[in-house]
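Have a look at the structure below, then the notes.
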Amino acid sequence: MIKVRGIDLTKEQLAKMIDFSILHPNTTSKEILEGIEICKKYKFNSFCVNPNYLSLIVEGLKGTEVEPSVVLDFPFGTGTEAMKLAAAEDAVKRGAKALDMVIDIGALKDKNYKLVTKEIKNLVEASKGAKTKIIIEVAYLTKEEIVAACKCVEEGGGTYVKSSTGRADRGPTMAEVKLMRESVSPNIGVKVAGTGSFWTPQIALGCILAGADLIGTRSGPKIVDELPLMEEVYKNMQIL
């Protein structure tokens with residue numbers, strides 16, 4: 233068995249650390265229905281979709297512990313605060329248990345941290361108890377800006393700080409995941425996403441070791457299914 237950060241990483245435990253997601257703009261209802269069945273089989277933490285498919289997954293996931301999740305102002309985060317809040321209120325009303333929102337990246341780079349924090353705080357209030365996963369899009373940020381963004385998320389009351397949308401030219405580096413974890417207190421979760429088709433069990437394990445609590449990916453089944461192979465391969469590894 234692999235033990236990571238004090239956690240016995242069974243297949244069931246690993247599945248609970250995965251937010252299964254299907255977010256491409258050309259996604260069909262057939263793909264979403266297939267995704268619902270995958271989530272039921274693996275018992276992932278959540279199923280994250282675009283707003284147009286929220287009602288479908290809310291209905292399909294009834295009676296399970298898989299949380300219906302939705303993205304807001306995705307992938308750019310350039311909508312007004314009023315637009316974001318209206319979308320949050322609509323999503324919660326329709327049954328979302330978690331909201332993944334993109335911050336105003338331009339405002340952050342302008343060092344307008346007060347605006348960024350205020351927007352997050354108001355989103356948290358509008359979420360009415362639903363979890364909030366605040367996307368900071370690390371591909372566009374310097375190290376200093378990543379730290380500042382994490383501080384805004386914590387001050388605003390976000391449940392998680394999330395690395396990426398998966399729509400930038402790259403996902404997070406291991407160093408950036410580690411920096412995110414170090415930039416927030418233990419009560420704030422870290423969610424990693426954005427490596428697209430490059431997600432492998434090895435990358436997932438590395439992200440968890442670096443401090444990730446959740447992994448957002450469509451490759452969840454592959455990651456979970458290959459855990460026994462990782463256990464076999466890594467049993468001979470020692471770090472001295």
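In our numbering, the protein residues as written are 233 to 472. Even glycine gets a Cβ: it sits at the ideal position worked out from N, Cα and C. These numbers were taken from a predicted model, which means no experiment stands behind them.
Taking the straight line between their C-alpha atoms, what separation do you get for TYR372 and PRO257?
Each residue's alpha carbon lies about 22 Å from the other.
Could you give the DSSP three-state label for PRO257: helix, strand or coil?
DSSP places PRO257 in coil when its eight states are reduced to three.
What residues match up with LEU446 in a beta bridge as DSSP calls it?
Per DSSP, LYS423.
In three-state terms, what does DSSP make of ALA330?
If DSSP states are grouped into helix, strand and coil, ALA330 belongs with the strands.
So VAL416 packs on ALA444, CB below 8 Å; how close in whole Å?
No, VAL416 and ALA444 are not in contact; Cβ-Cβ is about 12 Å, not under 8 Å.
ASP251 and GLY448: beta carbons closer than 7 Å?
Contact: yes.
According to DSSP, what are the bridge partners of ILE366?
Looking at the DSSP assignment, ILE366 forms a beta bridge with MET333, VAL393.
Buried or exposed: where does THR465 fall if 16 or more other Cβ atoms within 10 Å of its Cβ makes it buried?
With the sequence shown as reference, residue 465 is identified as Val, and Thr is not the correct amino acid for it. VAL465 should be labelled exposed.
Name the two residues that bound the continuous beta strand (DSSP E) containing PRO300.
Run containing PRO300: 299-304, per the beta strand (DSSP E) assignment.
Please determine if the stretch 399-417 and the stretch 360-371 are in contact, where contact requires at least 3 C-beta pairs separated by less than 8 Å.
Cβ pair count under 8 Å is three or more, so yes.
Pull the bridge partners of LYS235 from the DSSP assignment, please.
Paired residues: ASP240.
Looking at LEU446: is its Cβ nearer than 7 Å to the Cβ of MET249?
Yes. Within cutoff.
Can you tell me whether DSSP reads ASP457 as helix, strand or coil?
Helix at ASP457.
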